[in-house]
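Residue 304, in the numbering used here, is where the sequence shown stops; the numbers in between run on with no holes. Quick reminder that beta carbons are idealized off the backbone N, C-alpha and C, glycines included.
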Amino acid sequence: MNKKQKSLTISVLSGKGGVGKTNIALNLAYILHALNSPTLLIDCDLGLANLDILLGITPEKNLEYLLRPDTKVEEVLIPIEDGLGFLPAASGVPELVEWDNDLQTIIFKKLNLSLKKYHFLILDLGAGINSTVINLATISKLKIVVITPEPTSLTDGYALIKVLRTQHNIKDFFIIVNMAKDEKEGNSTFKRLKLACENFLGIKINLLGIIPEDNVLPMAVVNQTPLFKYKKDSLAVNHLQEIAIKLKKYRDILIPDLTLPFNLETLLKKNKSFQEKNETKK
Ligand SMILES: Nc1ncnc2c1ncn2[C@@H]1O[C@H](COP(=O)(O)OP(=O)(O)O)[C@@H](O)[C@H]1O
Ligand SMILES: [Mg+2]
Numbered sequence: 023m024n025k026k027q028k029s030l031t032i033s034v035l036s037g038k039g040g041v042g043k044t045n046i047a048l049n050l051a052y053i054l055h056a057l058n059s060p061t062l063l064i065d066c067d068l069g070l071a072n073l074d075i076l077l078g079i080t081p082e083k084n085l086e087y088l089l090r091p092d093t094k095v096e097e098v099l100i101p102i103e104d105g106l107g108f109l110p111a112a113s114g115v116p117e118l119v120e121w122d123n124d125l126q127t128i129i130f131k132k133l134n135l136s137l138k139k140y141h142f143l144i145l146d147l148g149a150g151i152n153s154t155v156i157n158l159a160t161i162s163k164l165k166i167v168v169i170t171p172e173p174t175s176l177t178d179g180y181a182l183i184k185v186l187r188t189q190h191n192i193k194d195f196f197i198i199v200n201m202a203k204d205e206k207e208g209n210s211t212f213k214r215l216k217l218a219c220e221n222f223l224g225i226k227i228n229l230l231g232i233i234p235e236d237n238v239l240p241m242a243v244v245n246q247t248p249l250f251k252y253k254k255d256s257l258a259v260n261h262l263q264e265i266a267i268k269l270k271k272y273r274d275i276l277i278p279d280l281t282l283p284f285n286l287e288t289l290l291k292k293n294k295s296f297q298e299k300n301e302t303k304k
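Here it is, written out as structure tokens:
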């Protein structure tokens with residue numbers, strides 16, 4: 023495989039909802055694309071899919087269509103611009119809030135074969151912990167956890183990391199502190215989480231970036247336009263740009279390790295050991 027064709031899959035996670043995951047995923051996709059990195063944005067929030075709303079579009083088909091044997095990825099994928107794609111999810115379909123492992127494997131196997139042209143795959147996930155969140159974090163190379171200075175966001179973020187660390191052996195996390203009043207508040211928020219992770223979970227987490235509270239962002243949301251398009255020189259965009267540059271550097275470093283966009287082997291192995299464990303219990 024051509025080196026340039028290797029994708030870095032990034033999942034955007036959080037303990038608490040409303041911390042800015044969807045806006046971060048959306049704007050990072052636009053910025054990476056503007057930095058000449060082909061990027062695909064995938065709405066994996068099966069409960070409250072809302073990337074389509076922030077993009078101001080009404081998709082006809084969504085990820086669930088990929089479960090049909092003859093539906094091709096190209097039929098679902100929306101080209102926003104050349105080199106910037108979007109895969110929508112269905113919102114408000116209760117039975118689909120969690121895909122079981124088999125359904126996920128079908129979807130991601132199909133995607134694996136068609137997405138090689140993207141340098142970045144950004145997965146916008148739902149808040150909290152469920153099997154979809156766990157499995158998608160497992161098959162992503164880079165895990166971003168978004169927190170805010172609010173104490174509940176910090177504790178919920180810690181709880182999410184704890185479950186992924188202790189029950190699923192995920193150790194590498196990149197943190198974005200969103201809606202910080204200033205750099206100082208952002209740093210102190212990160213420090214608190216870092217200390218808890220070091221002392222109680224024995225892991226070192228990395229600070230990916232701090233995004234300040236920016237009053238223009240809610241206006242972009244109301245206008246159903248990504249902030250990057252609404253106001254390119256806004257405060258939050260400046261900080262998101264720094265994060266995007268870091269992500270490009272990580273991809274360059276990680277290229278020798280990257281194979282297919284989704285690491286399904288880990289997922290299958292994990293599910294196998296899970297099944298075996300349950301069978302021995304029976
Ligand atoms: N940096 C920010 N500055 C100001 N408001 C923000 C910022 N980030 C997010 N928001 C506000 O938070 C709301 C929820 O963001 P969203 O991306 O939907 O969160 P999540 O996906 O985590 O639920 C947005 O509609 C916006 O009004
Ligand atoms: Mg969201």
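Go through its chain and collect everything with a Cβ distance to residue i's Cβ below 6 Å, but skip five positions before and after it.
{"i": "Asp65", "result": "Ala71, Leu73, Pro110, Ala111, Asp146"}
{"i": "Asn285", "result": "Ile161"}
{"i": "Tyr87", "result": "Thr93, Val98"}
{"i": "Gly78", "result": "Gln246"}
{"i": "Val238", "result": "Lys253, Ser256"}
{"i": "Met23", "result": "Low local confidence applies: a pLDDT of 49 at Met23 is under 50, so the model's placement there is unreliable, with the coordinate-based value given in what follows. Hits under 6 Å: none found."}
{"i": "Leu7", "result": "Outside the displayed span of the chain (23 to 304) sits residue 7, for which this structure offers no information."}
{"i": "Ala242", "result": "Leu249, Tyr252"}
{"i": "Ile75", "result": "none"}
Please work out which residues of its chain come closer than 8 Å, Cβ to Cβ, to residue i, disregarding the five sequence neighbours upstream and downstream, and give them in chain order.
{"i": "Lys304", "result": "With a pLDDT of only 48 at Lys304, under 50, the local geometry of the prediction cannot be trusted, and the value read off the model is given with reservation. For Lys304, where only same-chain residues beyond five positions count, there are no Cβ hits under 8 Å."}
{"i": "Leu89", "result": "Leu125, Ile128, Ile129"}
{"i": "Pro283", "result": "Ser29, Thr31, Leu133, Asn134, Leu137, Lys138, Tyr140, Leu143"}
{"i": "Thr288", "result": "Thr160, Ile161"}
{"i": "His190", "result": "Ile156, Ala159, Thr160, Lys292"}
Looking only at its chain, what residues have a beta carbon closer than 7 Å to the beta carbon of residue i, apart from the 5 residues adjacent to it on each side?
{"i": "Lys165", "result": "Ser33, Leu35, Ala159, Ile192, Asp194, Phe195, Phe196"}
{"i": "Leu276", "result": "Leu30, Lys163"}
{"i": "Pro101", "result": "Gly107"}
{"i": "Glu220", "result": "Lys226"}
{"i": "Glu264", "result": "Gly231"}
{"i": "Glu205", "result": "Ile232"}
{"i": "Leu176", "result": "Ile169, Thr211, Arg214, Leu215"}
Using CA atoms only, rank isn't needed, just tell me which of the options is closest to residue i.
{"i": "Ile227", "options": "Lys184, Tyr140, Gly78, Thr31", "result": "Lys184"}
{"i": "Lys203", "options": "Val95, Leu63, Leu257", "result": "Leu257"}
{"i": "Lys43", "options": "Glu96, Met201, Ile102, Leu106", "result": "Met201"}
{"i": "His261", "options": "Pro101, Gly231, Val41", "result": "Gly231"}
{"i": "Asp104", "options": "Gln246, Ala242, Asn58", "result": "Asn58"}
{"i": "Asn123", "options": "Asp255, Ile156, Lys138", "result": "Ile156"}
{"i": "Thr247", "options": "Lys38, Asn45, Gly37", "result": "Asn45"}
{"i": "Glu207", "options": "Ile233, Leu106, Gly37", "result": "Ile233"}
{"i": "Thr211", "options": "Pro60, Val168, Gly150, Ala242", "result": "Val168"}
{"i": "Lys11", "options": "Phe142, Ile75, Lys132", "result": "Shown here, the chain extends from 23 to 304; a query on residue 11 therefore has no answer."}
{"i": "Ile198", "options": "Thr188, Gln189, Leu215", "result": "Leu215"}
{"i": "Gly148", "options": "Phe222, Gly69, Lys213", "result": "Gly69"}
{"i": "Ala56", "options": "Ile267, Thr281, Arg273, Leu280", "result": "Ile267"}
{"i": "Gly150", "options": "Pro60, Asp236, Val238, Asp67", "result": "Asp67"}
{"i": "Leu186", "options": "Asn209, Asp274, Leu217, Gly224", "result": "Gly224"}
Mark residue i as exposed unless 16 or more other C-beta atoms lie within 10 angstroms of its C-beta, in which case mark it buried.
{"i": "Val244", "result": "exposed"}
{"i": "Leu290", "result": "exposed"}
{"i": "Lys38", "result": "buried"}
{"i": "Thr174", "result": "exposed"}
{"i": "Val41", "result": "buried"}
{"i": "Asp236", "result": "buried"}
{"i": "Asp274", "result": "exposed"}
{"i": "Leu62", "result": "buried"}
{"i": "Asp178", "result": "buried"}
Sufficient close CB pairs (3 or more, under 8 Å) joining the segment 244-258 to the segment 50-59: The segment 244-258 vs the segment 50-59: in contact.
4-residue-minimum alpha helix (DSSP H) runs that sit fully inside the segment 142-205, ordered along the chain: Whole alpha helix (DSSP H) segments, 4+ residues: 153-161, 173-190.
Those runs of the beta strand (DSSP E) which lie wholly inside the segment 221-266 and span at least 3 residues: As far as the segment 221-266 is concerned, its whole beta strand (DSSP E) runs of at least 3 residues are 228-234.
Unbroken stretches of the beta strand (DSSP E), 3 residues or longer, contained in the segment 84-109: Counting only runs of 3 or more, we get 100-103, 106-109.
Sequence ranges, beta strand (DSSP E) only - wholly within the segment 45-69, length at least 3: 61-66, all fully within the segment 45-69.
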